[in-house]
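Residue numbers (the working numbering): 1006 to 1503.
All C-beta atoms in this analysis are idealised placements derived from N, C-alpha and C, irrespective of residue type, glycine included.
Heads up: the structure comes next, in structure tokens.
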């Protein structure tokens, strides 16, 4: 049973703690690092595992990719001229990578670090849907194993939090519970997953590529296609969610004697409130539509506007992570899973995003003309089924493309450049729609009964006395139309455009 907590008790939990964070250069990692430092300046140390050739390079990455971002402006204003000293005191860069045992640290470093760590947050992952199988396997599967193995060497460890994704559920329909994925469990009847066999397959394929002297480009293509093939063989839509699911299986099968929390967010969007409304990095699934519409380069999209779009602001995910860490630290329960999602609590159909998008760009027309002039917006066409989408693509694009190919042959390659350019665009649009379809046509609903218990355990007065911090992770009170129009769309345009 989760005892009652308030914001002060959550903040107090992080006082004096040494925390190892992997994935701190990612969007969620930055939001977490900033929030901990802002609400609890008396945290002992944040050890950030950074991929870099040496300590100086790691420090530079932290300066440019983490604390140099806009999200840290509030913290900079708070500390003023002492900001750099504060960061120097609290953040300790570790040169290493989770794909290696012991992160590639030497024995002296490893021993010193393991003695000091109270909390581990594993947020490192490759989130590319169409990632190379060897890369995704190294990070999302073996990486989890290596971080857990390190945790077993930490005598003071009180909490291990792992960031997964709600979409490890694949393309299930109906209500999806917060339950573990068992070792070998798959989403396709008649198949059984052996992680060790998958590792052997990766190694054998890499060996064959090397023996055949394949080019780097061919090797990359082969490994990407292998990941997608294996994912779909077992019932997952892409390499990302497939390897994340295997990572969870690994965790559930290890002899772990410390509390483990698995956080499964849905599609993470820009921050709702803290520390800057609308801050984000990277283009998520729905943001391709925002950017494409702003540039008037996306004439259509494969999405059922009546289906539920499960999104959750990044600051809410971090708030849930911090509350869960405080609630389950030194807990006797071995593992607890939280869906940090909105489809059960406050469902929003994709039509809300489209209406907000249409209204926003009508009120704020983008400058997309040759000379920067504002242009008239074209309507987007939406397809609610793969069949209609493919039929449209065949008539509108494939047929003209085939005609151009024949004309090009007849005219001895006069239109080769044009044909290749249009062919690339066609393949890109097909691949984009194919990769996003499991999300834009998703018919499941994520149960959040565990997260609801965690919410109920928080004091209803979720702020401290002066209101300077809070840990809100309840999407029930979000006005999605207002959020998209006033927060998310402006945030996407401000922070993610080239």
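Here residue 1493 is buried, its C-beta having at least 16 other C-beta atoms within 10 Å. In the three-state scheme derived from DSSP, where H, G and I count as helix and E and B as strand, residue 1449 is classed as strand. The beta-carbon separation of residue 1171 and residue 1275, rounded to 18 angstroms, does not stay under the 8 angstroms limit for a contact.
A direct Cα-Cα distance of roughly 13 angstroms separates residue 1425 from residue 1414. DSSP, read as helix, strand or coil, puts residue 1238 in helix. Secondary structure note for residue 1281: it is in no alpha helix (DSSP H), with a DSSP letter that is neither H nor E.
In the displayed model, residue 1105 falls within coil according to three-state DSSP, outside both helix and strand. DSSP, read as helix, strand or coil, puts residue 1032 in helix. Residue state for residue 1159 is assigned as coil, using DSSP reduced to three classes.
In this structure, residue 1267 and residue 1340 form a Cβ contact; the two beta carbons are roughly 7 angstroms apart against a cut-off of 8 angstroms. In terms of CA proximity to residue 1423, 1408 leads the group 1054, 1408, 1435. According to the DSSP assignment, residue 1179 belongs to the beta strand (DSSP E) that extends over 1179-1181. For residue 1164, the closest of 1069, 1016, 1263, 1138 by C-alpha to C-alpha distance is 1263. Going by DSSP, residue 1119 is part of the alpha helix (DSSP H) stretching over 1112-1121. Residue 1382 holds the alpha-carbon nearest to the alpha-carbon of residue 1302 among 1265, 1368, 1229, 1382.
For residue 1078, the enclosing alpha helix (DSSP H) stretches over residues 1078-1084.
The residue from 1296, 1061, 1327 with its alpha-carbon nearest to that of residue 1014 is 1327. Judged by DSSP secondary structure, residue 1269 falls within the beta strand (DSSP E) whose first and last residues are 1265-1270. In this model, residue 1483 and residue 1316 are separated by some 11 angstroms (Cα to Cα). Non-local C-beta neighbours of residue 1010 in its own chain, meaning closer than 8 angstroms and more than five positions away in sequence, comprise 1328, 1331, 1332, 1462, 1463, 1464, ordered along the chain. In this chain, the beta strand (DSSP E) harbouring residue 1340 covers 1340-1345. Within the same chain, Cβ atoms closer than 7 angstroms to the Cβ of residue 1324 are found at 1476, 1477, 1478, the five residues on either side in sequence being excluded. Burial is judged here by how many other beta carbons sit within 10 angstroms of a residue's own beta carbon; residue 1205 has fewer than 16 and is exposed. Judged by DSSP secondary structure, residue 1333 falls within the alpha helix (DSSP H) whose first and last residues are 1319-1333. Each residue's CA atom was taken as its position, placing residue 1235 and residue 1190 some 14 angstroms apart.
The beta carbon of residue 1386 sits closer than 7 angstroms to the beta carbons of 1304, 1305 from its chain, once the five residues preceding and following it are set aside; these are given in chain order. Per DSSP, reduced to three states, the secondary structure at residue 1041 is helical. In the DSSP assignment, residue 1126 falls outside any alpha helix (DSSP H) and lies within the beta strand (DSSP E) extending over 1124-1127. Counted as a single uninterrupted DSSP element, the beta strand (DSSP E) harbouring residue 1027 occupies residues 1023-1027.
Shown here, residue 1461 sits in a helix according to DSSP, grouped into three states. In this structure, residue 1350 lies near residue 1480, with their beta-carbon atoms less than 9 angstroms apart. Contiguous beta strand (DSSP E) elements confined to the region 1376-1443 occur at 1386-1388, taking only those with 3 or more residues. Beta-carbon to beta-carbon, residue 1038 and residue 1071 are separated by about 6 angstroms, close enough to satisfy the 8 angstroms threshold.
For residue 1352 and residue 1313, the gap between their C-alpha atoms comes out near 6 angstroms. Scanning 1308, 1459, 1075 for the CA closest to the CA of residue 1445 turns up 1308. The three-state reading of DSSP puts residue 1218 in coil, since its state is none of H, G, I, E or B.
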